[in-house]
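See below for the structure under consideration.
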Ligand code: FES
Ligand code: FES
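Numbering (my numbering), first residue to last: 838 to 1006.
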């Protein structure tokens, strides 16, 4: 099927199987490799992009539902890597292997676009669908805090972030 939509502010038109997921279209058809394949079943968040500003797992969105969609990938988050989150990611040296990080940043960016001053609970909820096998959760949260100019209300030790770091390390 032919489908037209927008990616990173530009029109895109592809001719693909109607069940081809957006992630495959981005990576294999449009050569945008920033979004990663982790699980293919909507469980890891490595493929997260924005669709109409909403964090969306691109492995779960088929071509048949793409017509007219406005998609932003990590490549389109800012023209030169200067988004506040990208700077905070550098400042906090967040990535380890890096594989999950594009998805993490896109999930965080959707959160801050909707809620510029998120609570700990907002961050935990927004980031809950993005896994990191390297266990960078605490640095991710610190970077989101920096980018949003907020400070944590979590207890200094323990708390949900600490549990997640242990659980997924
Ligand atoms: S690859 Fe899409 S959620 Fe894992
Ligand atoms: S940095 Fe390695 S999976 Fe997250």
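C-beta atoms are modelled at their ideal positions from N, C-alpha and C, and glycine is treated no differently.
Residue i beta carbon near ligand 2 (any heavy atom closer than 8 Å)
i	result
residue 884	no
residue 932	yes
residue 923	no
residue 918	no
residue 874	no
residue 880	no
residue 988	no
residue 973	yes
residue 913	no
residue 935	yes
heavy atom of ligand 1 below 8 Å from residue i C-beta
i	result
residue 897	yes
residue 894	yes
residue 860	yes
residue 871	no
residue 877	yes
Strand pairing of residue i, partner residues [DSSP]
i	result
residue 852	839
residue 907	843
residue 894	885
residue 932	Bridge partners of residue 932: none, in fact.
residue 858	899
Nonlocal neighbours in the same chain, by C-beta distance under 7 Å from residue i, ignoring five residues either side
i	result
residue 911	871, 872, 939, 942, 943
residue 862	851, 853, 900
residue 920	914, 946
residue 973	931, 932, 933
8 Å CB neighbourhood of residue i in its chain, flanking five on each side removed
i	result
residue 948	892, 955, 959, 960, 963, 964, 981
residue 867	844, 849, 851
Beta-carbon proximity list for residue i, same chain, < 6 Å, skipping 5 on both sides
i	result
residue 854	none
residue 896	858, 860, 877, 884
residue 869	863, 910, 912
residue 951	none
residue 926	980
residue 932	938
residue 841	850
residue 875	881, 883
Supposed close pair residue i, residue j - CB separation, criterion 8 Å
i	j	result
residue 984	residue 922	5 Å
residue 906	residue 888	5 Å
Ligand 4 heavy atom lying under 8 Å from the CB of residue i
i	result
residue 970	In the structure shown, ligand 4 is absent; the only ligands present are ligand 1 and ligand 2.
Taking 8 Å as the cut-off, does the segment 878-896 touch the segment 967-983 (at least 3 CB pairs, one atom from each stretch)? Taking a contact to require three or more Cβ pairs closer than 8 Å, the segment 967-983 and the segment 878-896 qualify as touching.
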